[in-house]
Every structure is written in structure tokens, then in C-alpha cells.
Amino acid sequence: MSYPACLAVCREVPKACTSTGIVWETNVHAISPLVDFASHDQKNRWLPVIANGGLAALALTEPSAGSDATGMKTTFREDEILVNGSKIFITNGDVADIIVLFGKWAELGDGRDAISVAVIEKGAPGFEVIGTDKKMGSRASSTAALSFNTCRIPRANLLGKPGEGLKMLYDFLRKSRPSVAAQALGIARAAFEDAIAYVNDCPAPLKRLRFEVSLFSKRGDRRCGKAVSAKSRSSAS
Ligand SMILES: Cc1cc2nc3c(=O)[nH]c(=O)nc-3n(C[C@H](O)[C@H](O)[C@H](O)COP(=O)(O)OP(=O)(O)OC[C@H]3O[C@@H](n4cnc5c(N)ncnc54)[C@H](O)[C@@H]3O)c2cc1C
Numbered sequence: 001m002s003y004p005a006c007l008a009v010c011r012e013v014p015k016a017c018t019s020t021g022i023v024w025e026t027n028v029h030a031i032s033p034l035v036d037f038a039s040h041d042q043k044n045r046w047l048p049v050i051a052n053g054g055l056a057a058l059a060l061t062e063p064s065a066g067s068d069a070t071g072m073k074t075t076f077r078e079d080e081i082l083v084n085g086s087k088i089f090i091t092n093g094d095v096a097d098i099i100v101l102f103g104k105w106a107e108l109g110d111g112r113d114a115i116s117v118a119v120i121e122k123g124a125p126g127f128e129v130i131g132t133d134k135k136m137g138s139r140a141s142s143t144a145a146l147s148f149n150t151c152r153i154p155r156a157n158l159l160g161k162p163g164e165g166l167k168m169l170y171d172f173l174r175k176s177r178p179s180v181a182a183q184a185l186g187i188a189r190a191a192f193e194d195a196i197a198y199v200n201d202c203p204a205p206l207k208r209l210r211f212e213v214s215l216f217s218k219r220g221d222r223r224c225g226k227a228v229s230a231k232s233r234s235s236a237s
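Counted from 1, the sequence shown has number 78 at position 78 by UniProt numbering; the numbering is strictly sequential.
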């Protein structure tokens, strides 16, 4: 699928269901580091899981690393990789079959050049879903907190080489952020269309009242708008 087509889906699906849009969009973007940077063998291991209906998550954010994602504290160590750390706000995190996880390669220090990416499969020892957030909306799309306590994964789960994660991070952000804007556009458009339909379906006096109030508030003449509301209410009763 082309990128513009992907953005169009990200915009259109949330018009009907935001949660479905988020789950789909997260799946697409979470596997983009696999599509772009995984080896042939790694692609053969993980992409069929998703093609067969599996879900993916991408775990970047931590309690102390949000907008400044490079401040992450999760670490990868040793040849058979030992993962330690925690992640928050991870879409699909509790239900994903594979998690594309960002951390720092301990031997390379704590800077941006240590950022690396590994894949955690569901059920990996030491990996735990701590809980899911109770959100105001989009509740059918889960947002999870994850913990990695000396989680042991094979070296073959590392994408690229240790320290090659920063370019994967920027590539992911460059592709995923516009889809959040597309999603917001879809939701705003659906809300606008619903509002128009609601006003058009109102009984005639109400329709006139709404039109007059919106006209006056557009002019910034609130007192006048209130007077019209009161007048319309008394003539309607
Ligand atoms: C529903 C949901 C789903 C999510 N899904 C995922 C996911 O799947 N994977 C994942 O890794 N993350 C996910 N996130 C996390 C998301 O990427 C972070 O919330 C985001 O990066 C912001 O981080 P933060 O919440 O820690 O806010 P902060 O970084 O603490 O920012 C708080 C506020 O401060 C402002 N701010 C921050 N730094 C500066 C600065 N230097 N100068 C001026 N202003 C600044 C920000 O603009 C913001 O308004 C999700 C979040 C939500 C709400």
C-alpha cells in the first residue's frame, strides 16, 4: 500500500470507529522497522505472524522518556540479550504477538548512539503486562504499561546492529506521526458531519434557534444570542 493510501485509511476508518483505526494504524507502523530494517530470516519469522492476523506493538515511551524518547532507560545486555526496563502508553501492548522494543545497548553507554531495537515475542520470560490505562475514549484500543525484568531473548531478535536504533526511531516517527494527524482529521470530519445531520433533523423551531445562536456567537454578540434563545424558548413553550 502506498503511503498516501495508508494515510487515507488512517483518516477514513476513525470516522466510524476510532479504536479500530488506532489498532490498524499501530499494527502498520509497528511493523515498519521490520519491513525496512529486518534481515531476510527475521522477516520470514515475524511478518507471516502479522499477515495471518497477529498484532504488533511498538514500545518506545517510558515514564521518563516521552517527547524526548532518546532519554529511554531500558537496556539490552550481553550476547543472549537481557532486557531490563519498562514502557508506558503502549498501544496493543497487552495483546500484541510481537513487540518492537527500543532500548539502549548497555556496552555503548547511555547516549543516543546506544539506541537499539529488538523484537520481543509474546510469552518471553521476564516480560510482563503491568496494566492497561482507563481512557476517556477509544477504549476498545488498549494502551498498556509493560515491564521487562531480565527478560531473556536470543541475539537473533536484534534488528540491525547494536546502536543502529536511532535511524529506526526517526524513520518510525517520520512515518507514524502524520497518520495521527490523519486520524484527528477523520474524527473531526465525522463530528462535523454528525453535527450538521443533527441540526438538519431537529424540529423546525429548534433548528431556527440553533441557527440564530450560532449566527450571533459567530459575531461575538453573546448577549444578543442569549436574548434570542430566551425569546425562542418562550415562543416555543
Ligand atoms: C493513547 C496513546 C497511545 C500511545 N501509544 C504509544 C505506543 O504505541 N508506543 C509508544 O511508544 N508510545 C505511545 N504513546 C506515548 C506517546 O508517544 C507519548 O505520550 C508522547 O511521546 C508524549 O510523551 P509524554 O506523554 O511523556 O509527554 P511529555 O513528553 O511529558 O510532554 C508533556 C507536554 O510537554 C511538552 N513538552 C515536552 N518537551 C518539551 C520541550 N522541550 N519544550 C516545550 N514543550 C515540551 C509536550 O509538547 C507536551 O505538551 C501513546 C500515548 C497515548 C496517549
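The beta-carbon is built from N, C-alpha and C at its ideal position, and this holds for glycine as well.
Determine the direct distance from the alpha carbon of residue j to that of residue i, and round the result to whole angstroms.
{"i": "Lys161", "j": "Val199", "result": "58 Å"}
{"i": "Pro14", "j": "Pro4", "result": "16 Å"}
{"i": "Glu121", "j": "Val180", "result": "26 Å"}
{"i": "Ser116", "j": "Ile99", "result": "14 Å"}
{"i": "Trp46", "j": "Asp201", "result": "50 Å"}
{"i": "Leu158", "j": "Val119", "result": "7 Å"}
{"i": "Val95", "j": "Thr61", "result": "17 Å"}
{"i": "Thr91", "j": "Glu25", "result": "10 Å"}
{"i": "Leu7", "j": "Ser142", "result": "21 Å"}
Along the chain, where does the beta strand (DSSP E) that runs through residue i open and close?
{"i": "Glu128", "result": "127-132"}
{"i": "Val95", "result": "Element bounds for Val95: n/a, residue is neither H nor E."}
Between which two residues does the alpha helix (DSSP H) harbouring residue i extend?
{"i": "Glu193", "result": "165-201"}
{"i": "Arg11", "result": "3-16"}
Could you tell me if the beta carbon of residue i falls within a distance shorter than 7 Å of some heavy atom in ligand 1?
{"i": "residue 291", "result": "As displayed, the chain neither begins before 1 nor continues past 237, which places residue 291 out of reach and without an answer."}
{"i": "Ile120", "result": "no"}
{"i": "Leu60", "result": "yes"}
{"i": "residue 238", "result": "In this structure the chain extends from 1 to 237, so residue 238 is not present and cannot be described."}
{"i": "Thr150", "result": "no"}
So, under 8 Å CB-CB, residue i and residue j are touching, yes? Tell me the CB distance rounded to an integer number of Å.
{"i": "Ala144", "j": "Gly93", "result": "3 Å"}
{"i": "Ala57", "j": "Ala30", "result": "6 Å"}
{"i": "Ser147", "j": "Ser86", "result": "5 Å"}
{"i": "Ser138", "j": "Ile22", "result": "6 Å"}
Please decide whether residue i counts as near chain D, where near means a Cβ-Cβ distance under 8 Å.
{"i": "Ala182", "result": "Protein chain content of the structure displayed is limited to a single chain, and chain D is not contained in it."}
Secondary structure, alpha helix (DSSP H): runs of 4+ residues fully inside the segment 19-43
32-37
What residue ranges within the segment 40-120 form continuous alpha helix (DSSP H) runs of no fewer than 4 residues, ordered along the chain?
40-51
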